[in-house]
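Undergrad: Take the sequence shown: its letter number 5 is residue 109 in the working numbering, and every next letter is one higher.
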Amino acid sequence: MAVKSQISTVKTRIAPSPTGAPHVGTAYVALFNWAFARQNKGKFLLRIEDTDRARFVPQAESQILEALNWLGLSWDEGPFRQSERLPIYLEHAEDLIKKDHAYYCFCSETRLEDVRQKAQKEGLPPRYDRFCRKLDPKIAAGRAKKEKFVVRLKVPEEGTTSFADLIRGEIHFENKVLDDQVLIKSDGYPTYHLAVVVDDHQMGVTHVLRGEEWISSTPKHILLYQAFGWDLPKFAHFPVLREASRAKLSKRHGAVGILEFKEEGYLPEALLNFLALLGWSHPQGKEIFSLDDFAEKFDLRRISTTAPVFDREKLDWMNGEYIRQLGTRQLGIRLKEYLKEYRGMEIDPDILERIAPLVRERIKKLGELEALAGFFFTDVAWTKEELLGGGESGGSASEKLSAAAEILEGFTVWETKKLEEKVRGLAQEKKWEAPALFMLLRVAVTGQTVSPPLFECMEVLGKEKTVSRIKGALKILEAD
Ligand code: GLU
105 MAVKSQISTV
115 KTRIAPSPTG
125 APHVGTAYVA
135 LFNWAFARQN
145 KGKFLLRIED
155 TDRARFVPQA
165 ESQILEALNW
175 LGLSWDEGPF
185 RQSERLPIYL
195 EHAEDLIKKD
205 HAYYCFCSET
215 RLEDVRQKAQ
225 KEGLPPRYDR
235 FCRKLDPKIA
245 AGRAKKEKFV
255 VRLKVPEEGT
265 TSFADLIRGE
275 IHFENKVLDD
285 QVLIKSDGYP
295 TYHLAVVVDD
305 HQMGVTHVLR
315 GEEWISSTPK
325 HILLYQAFGW
335 DLPKFAHFPV
345 LREASRAKLS
355 KRHGAVGILE
365 FKEEGYLPEA
375 LLNFLALLGW
385 SHPQGKEIFS
395 LDDFAEKFDL
405 RRISTTAPVF
415 DREKLDWMNG
425 EYIRQLGTRQ
435 LGIRLKEYLK
445 EYRGMEIDPD
455 ILERIAPLVR
465 ERIKKLGELE
475 ALAGFFFTDV
485 AWTKEELLGG
495 GESGGSASEK
505 LSAAAEILEG
515 FTVWETKKLE
525 EKVRGLAQEK
535 KWEAPALFML
545 LRVAVTGQTV
555 SPPLFECMEV
565 LGKEKTVSRI
575 KGALKILEAD
């Protein structure tokens, strides 16, 4: 007898709700979904779950798209929007009513509140008392034409609903603890539970990989699949990311939104590499690896269920490593794009390419460029105190600046080594301490006491700017 084998293409999805700026937890789950699809030569889809109208934030969808695009987690299908599919959910809810797996409920908010309070007093979970479940279906259908209603799932009173979580193993729920979940709300919108099941089925999702906060919803979803007579997808629930204190990620500790990381100047590939190591480890113990390598090697079964710590220091270190790995041209381009997007600056890419090697070892995030090297493209200002900060030792500061300006002005070979030789020669000739002279010049040229190496800065800044800054500083010193 021939055995029919049906191999369905793996399909995963990320299904964020547009209720606010996309959270880094969404990036984490999206990364694993993306990689799992990639590993299995499958497809990854994006669905916007916008059925909660009370929590809907209009700009959130475009932020979700921007965040995923920035990360390079491109989707093969979508974005689908649940709000554009409302009739589909309604039809499915009606189908369930017909099959006696769901029912109309007409209970008012006041009654539901009474039920909740009564349950609370008795120390019971605040569940619906199934009052409308006993209504005659024909009468209920008639009332639904005139009255406000919700549709509820008829959860079996007995039995167990189980599933084999790909990360956690077998999970069981007693049906008697489950509420008769609302499927269609009184505004005609489906709840997440109905919409997610209908969509995952219709869109051919084979693997539902999501955060652990959805574990308790899974039995309801399974009951829905069974009520519709559909095959179940595979489920896996990722651990929730935590701060070192074990608390949920919070703004108090730093960025939580994906686009906040972008704005601070993290590189998407560094953030993804960091996320990949939360709960998972590379089989060769590598810390830094490519997305392709990750997609090839990661294994859901090797994901730990203990809450991974979102170690912000490690992320900074990793981002610094990625910055160091960039070529001069590439780093110049990243800096250019960053300054344009977040500071509205149009900086000549050639200048940035020359600045790149001076800052590459010294910044951990693109956003740190300005504090270190903003003087390359913005004017500098000083106070007398700042210029004299190094103290007056062996010759006055103004004498030093004026001698340096003079010597540099007449200098033709504007190149780091030669510049250093020249200035050192000046210090020797005048018997000035070289470090003090360098510090004074550093403040004059960069407006800062900490900067990339002085003579390299001078070379990149060019003769005209360097000399004019030294003269500008001199003027400040000479003013009363
Ligand atoms: N809309 C849900 C969310 O915002 C999706 C949960 C799921 O992946 O099923 O996270």
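Cβ coordinates follow ideal geometry from the N, Cα and C atoms, glycine included.
Between Glu153 and ligand 1, is the CB less than 7 Å from at least one heavy atom?
TA: Under cutoff, so the answer is yes.
Undergrad: Are Leu257 and His325 close, meaning C-beta to C-beta below 8 Å?
TA: Result no, Cβ atoms of Leu257 and His325 do not sit closer than 8 Å.
Undergrad: Quick one: give me the first and last residue of the alpha helix (DSSP H) that Leu544 is part of.
TA: Looking at the DSSP string, the run of the alpha helix (DSSP H) that includes Leu544 is Ala538 to Thr550.
Undergrad: Considering only residues of the segment 116-182, which uninterrupted alpha helix (DSSP H) runs meet the minimum length of 4 residues and lie entirely inside it, listed in chain order?
TA: As far as the segment 116-182 is concerned, its whole alpha helix (DSSP H) runs of at least 4 residues are 128-143 and 164-175.
Undergrad: What are the residues that DSSP puts in a beta bridge with Leu313?
TA: BP columns for Leu313 point to Ala340.
Undergrad: Rounded to the nearest angstrom, what separates Lys575 and Leu545 at their Cα positions?
TA: Looking at the two C-alpha atoms, the distance is approximately 11 Å.
Undergrad: Confirm the yes/no value for this check: CB of Pro120, any heavy atom of ligand 1, distance under 7 Å.
TA: Answer for Pro120: yes, Cβ within range of ligand 1.
Undergrad: Answer with buried or exposed for Glu274, where buried requires no fewer than 16 other C-beta atoms within 10 angstroms of its C-beta.
TA: Per the 10 Å Cβ criterion, exposed.
Undergrad: Which runs of the beta strand (DSSP E), 3 residues or longer, sit entirely within the segment 242-302?
TA: Runs of the beta strand (DSSP E) inside the segment 242-302: 254-257, 264-269, 273-278 and 286-288.
Undergrad: Can you tell me whether Trp334 sits near ligand 1, meaning its C-beta is under 7 Å from at least one heavy atom of the ligand?
TA: False, no ligand heavy atom lies under 7 Å from that Cβ.
Undergrad: In angstroms, rounded to a whole number, what distance separates the CA positions of Thr130 and Ala359?
TA: The straight-line gap from Cα to Cα measures roughly 14 Å.
Undergrad: Measuring CB to CB, does Val549 end up less than 8 Å from Arg528?
TA: No. Outside cutoff.
Undergrad: If you draw a straight line from the alpha carbon of Lys222 to that of Val286, how long is it in whole angstroms?
TA: Their Cα atoms are separated by approximately 20 Å.
Undergrad: Quick check: Ser112 and Asp154, are their CB atoms within less than 8 Å of each other?
TA: Against a cut-off of 8 Å, the Cβ pair of Asp154 and Ser112 comes out as no contact.
Undergrad: Could you tell me if Gln186 is buried or exposed, where buried requires 16 or more neighbouring beta carbons within 10 angstroms of its beta carbon?
TA: Its Cβ being crowded by 16 or more others within 10 Å, Gln186 is buried.
Undergrad: May I have the straight-line CA-CA distance separating Thr116 from Val463, to the nearest angstrom?
TA: C-alpha separation (whole angstroms): 40 Å.
Undergrad: Opposite Lys579 in the DSSP bridges: which residues?
TA: DSSP lists no partner for Lys579.
Undergrad: Quick one: using the 10 Å Cβ neighbour count with 16 as the cut-off for buried, is Met105 buried or exposed?
TA: Reliability fails at Met105, whose pLDDT of 46 lies under 50, so the model's placement of it is uncertain and no value is given.
Undergrad: Measuring CA to CA, which of Glu188, Asp269, Gly566 and Gly176 is closest to Leu336?
TA: Here the closest residue by C-alpha is Asp269.
Undergrad: Taking C-alpha atoms, which residue in Arg433, Leu298 and Ile362 lies nearest to Leu135?
TA: Of the listed residues, the one whose Cα sits closest to Leu135 is Ile362.
Undergrad: What alpha helix (DSSP H) runs, 4 residues minimum, are completely inside the segment 418-484?
TA: Correct list: 432-447, 453-463 and 473-477.
Undergrad: When you compare each of Gln429, Trp384, Tyr426 and Asp452 to Ser408 by their alpha carbons, which one comes out closest?
TA: The shortest C-alpha separation from Ser408 is found at Trp384.
Undergrad: Taking the straight line between their C-alpha atoms, what separation do you get for Gln434 and His341?
TA: Rounded to whole angstroms, Gln434 to His341 spans 37 Å at the Cα level.
Undergrad: For Met307, which residues of its own chain have a beta-carbon under 8 Å away from its beta-carbon, when the five flanking residues on both sides are left out?
TA: Once the five neighbours on either side are set aside, the close Cβ partners of Met307 are Lys115, Arg117, Leu149, Arg151, Glu181 and Phe184.
Undergrad: Give a single yes or no on whether Trp518 has its beta carbon closer than 7 Å to a heavy atom of ligand 1.
TA: The answer is no for Trp518.
Undergrad: Given the structure, does Trp179 come close to ligand 1, in the sense that its CB is under 7 Å from one of the ligand's heavy atoms?
TA: No.
Undergrad: Check whether the segment 504-516 touches the segment 451-462, counting contact only when three or more Cβ pairs, one atom from each stretch, lie closer than 8 Å.
TA: The segment 504-516 is not in contact with the segment 451-462.
Undergrad: With C-beta atoms as the reference, is Gly471 less than 8 Å away from Pro453?
TA: Cβ distance not < 8 Å, so Gly471 and Pro453 don't count as in contact.
Undergrad: Which residue from Phe402, Gly478 and Arg416 puts its Cα closest to that of Leu443?
TA: Closest by alpha carbon: Gly478.
Undergrad: Helix, strand or coil for Phe184? Go by DSSP, reduced to three states.
TA: In the structure shown, Phe184 sits in a strand (DSSP, three-state: E or B).
Undergrad: Alpha carbon to alpha carbon, what distance is there between Asp218 and Lys225?
TA: Going by the C-alpha atoms only, they are around 11 Å apart.
Undergrad: Flag this pair as touching only if the segment 369-383 and the segment 399-413 have three or more C-beta atom pairs under 8 Å; answer yes or no.
TA: Contact between the segment 369-383 and the segment 399-413 is present, because at least three Cβ pairs lie under 8 Å.
Undergrad: Taking Cβ positions, are Tyr207 and Val302 nearer each other than 8 Å?
TA: No; because the gap between Cβ atoms is not below 8 Å, this pair is not in contact.
Undergrad: Given this structure, state the Cα-to-Cα distance separating Lys390 from His276, to the nearest angstrom.
TA: Distance between the alpha carbons of Lys390 and His276: 36 Å.
Undergrad: So what's Arg346 in DSSP terms, helix, strand or just coil?
TA: Three-state DSSP puts Arg346 in a strand.
Undergrad: To the nearest angstrom, how far is it from the Cα of Lys567 to the Cα of Ala583?
TA: About 24 Å.
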